[in-house]
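Residue numbers for the sequence shown follow our numbering, so the first one is 26 and each next one is one higher.
C-beta atoms are modelled at their ideal positions from N, C-alpha and C, and glycine is treated no differently.
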Amino acid sequence: MSRKAAVVALTALAPISWGSTYFVTTEFLPPDRPLFTGLMRALPAGLLLLALTRKLPQGAWWWKSAVLGALNIGAFFPLLFLAAYRLPGGVAAVVGSVGPLFVVGLAALFLGEKPTVKTLLTAVTAAFGVSLVVLKAGAAFDMVGVLAGLLSSLSMSAGIVFTKRWGRPEGVGALALTGWQLTAGGLVILPIAFLIEGAPPVLTGTNLAGYAYLALGNTAISYFLWFRGIERLSASSATLLGPLSPITAAVIGWAALGQALGPVQVLGMAIAFGATLVGQMGPRAPKAPAPVESFSSTERNGQEVSMDLDGSGVRR
């Protein structure tokens, strides 16, 4: 497996994990608390990563982390949940699937990534495939919900592009940067959740297990892989992994909840998955310079061995 293929595979685990959110939310969490759920996903995960990495932003990275946290988490979650409440699930997913087109435009503007016909066709094909998977006949459209869905996609798309543009500061690993963004995003959601939904609900053991999964696997680990992938892939390649989320949700719904998965849905999954694969082909974008610290380890057989570590202390 090539290095790029390995990066793509690890990054793809993030949208695949996010595809399990609907199942966990409906089966493990208290109903009608979407903002509290967003808060419980982001803030505990962010604080945990801060405790593990023991690094805080410095200088301009205080406001950069706040902006990225708001775009990727703080604004994205509430808008996404508003769209989910105002629209049927399939319509919300289709509206969200236009994200790659937003990324293409923003990447051209802020990153100098020239859009190609292949990229545009791939993004449109992926959105069409997703529509076949999730869109039901007679689905209703609510303009407030559609606008919220579009804004949520625009928010995360801008987060992807600016995460790529700003990289990360010298001496700071992707794990610490993820912690900064999740904490900032959670703090944005905190007052909104309490203002709209009131005091937290009484939680059962099942609820706590669901929130633990969302905070750890679905958020802390997944967003770390996601931001790490954005750093190493082009913005358009990263965002074209997004269709894996509704595909995963559809498979889980069929396997665990007994939801129908007919020939049209299977065809849509094949189209969306094929577009995802095509989106990863082609030359790799130049990697943003990552901070590297070098130090000498112990002598081995009289020869000094040098190891390169990123800011998180993980050998690359």
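Enclosing alpha helix (DSSP H) for residue i [first to last residue]
| i | result |
| --- | --- |
| residue 193 | Counting along the chain, residue 193 falls outside any alpha helix (DSSP H), and DSSP gives it neither H nor E. |
| residue 254 | 247-257 |
| residue 70 | 59-78 |
| residue 34 | 28-43 |
| residue 231 | 230-240 |
| residue 203 | 199-222 |
| residue 270 | 269-282 |
| residue 89 | 86-94 |
| residue 264 | 260-264 |
| residue 301 | 288-304 |
| residue 130 | 124-135 |
| residue 143 | 142-159 |
| residue 103 | 101-111 |
| residue 138 | Careful: residue 138 lies outside any alpha helix (DSSP H) and carries neither H nor E. |
| residue 46 | 46-53 |
Alpha-carbon spacing of residue i relative to residue j, whole angstroms
| i | j | result |
| --- | --- | --- |
| residue 48 | residue 94 | 25 Å |
| residue 266 | residue 39 | 9 Å |
| residue 178 | residue 207 | 18 Å |
| residue 303 | residue 147 | 7 Å |
| residue 29 | residue 143 | 19 Å |
| residue 262 | residue 231 | 37 Å |
| residue 36 | residue 253 | 7 Å |
| residue 13 | residue 111 | Residue 13 is absent from the structure shown; the chain starts at 26 and stops at 341. |
| residue 292 | residue 242 | 29 Å |
| residue 286 | residue 279 | 6 Å |
| residue 314 | residue 140 | For residue 314, the predicted structure reports a pLDDT of 48, less than 50, and the residue's modelled location is therefore unreliable. A value from the coordinates is still provided. Their backbone Cα atoms lie some 23 Å apart in a straight line. |
| residue 83 | residue 184 | 20 Å |
| residue 173 | residue 107 | 6 Å |
| residue 75 | residue 133 | 33 Å |
| residue 149 | residue 264 | 13 Å |
| residue 297 | residue 79 | 40 Å |
| residue 81 | residue 283 | 46 Å |
| residue 27 | residue 187 | 27 Å |
| residue 51 | residue 235 | 10 Å |
| residue 42 | residue 244 | 9 Å |
| residue 77 | residue 196 | 15 Å |
| residue 306 | residue 223 | 47 Å |
| residue 44 | residue 170 | 20 Å |
| residue 233 | residue 53 | 8 Å |
| residue 87 | residue 255 | 20 Å |
| residue 238 | residue 227 | 18 Å |
| residue 167 | residue 121 | 14 Å |
| residue 97 | residue 288 | 34 Å |
| residue 128 | residue 281 | 33 Å |
| residue 32 | residue 194 | 21 Å |
| residue 155 | residue 258 | 23 Å |
| residue 92 | residue 71 | 15 Å |
| residue 138 | residue 34 | 22 Å |
When the options are compared against residue i, the one with the closest alpha-carbon
| i | options | result |
| --- | --- | --- |
| residue 176 | 99, 235, 208, 241 | 99 |
| residue 85 | 192, 242, 54 | 192 |
| residue 126 | 158, 62, 260 | 260 |
| residue 151 | 170, 160, 138, 123 | 123 |
| residue 136 | 235, 182, 78, 297 | 182 |
| residue 268 | 75, 157, 306, 111 | 157 |
| residue 180 | 104, 238, 133 | 104 |
| residue 190 | 298, 154, 89 | 89 |
| residue 204 | 51, 68, 46, 173 | 68 |
| residue 271 | 222, 195, 118 | 118 |
| residue 294 | 282, 274, 213, 283 | 274 |
| residue 214 | 101, 31, 74, 50 | 101 |
| residue 159 | 195, 54, 290, 76 | 290 |
| residue 225 | 45, 53, 65, 51 | 65 |
| residue 209 | 50, 54, 73 | 73 |
| residue 397 | 31, 211, 227 | Summary: the structure shown does not reach residue 397, with the chain confined to residues 26 through 341, and so no result is reported for it. |
| residue 130 | 121, 120, 145 | 145 |
| residue 299 | 169, 228, 153 | 153 |
| residue 46 | 288, 276, 301 | 276 |
Interface flag, residue i vs chain B, CB-CB below 8 Å
| i | result |
| --- | --- |
| residue 76 | Although the question refers to chain B, the structure presented lacks it and comprises just one protein chain. |
*Flag this pair as touching only if the stretch 192-204 and the stretch 243-258 have three or more C-beta atom pairs under 8 Å; answer yes or no.*
yes
*Quick check: the stretch 218-238 against the stretch 51-70, are there 3 or more CB pairs under 8 Å?*
yes
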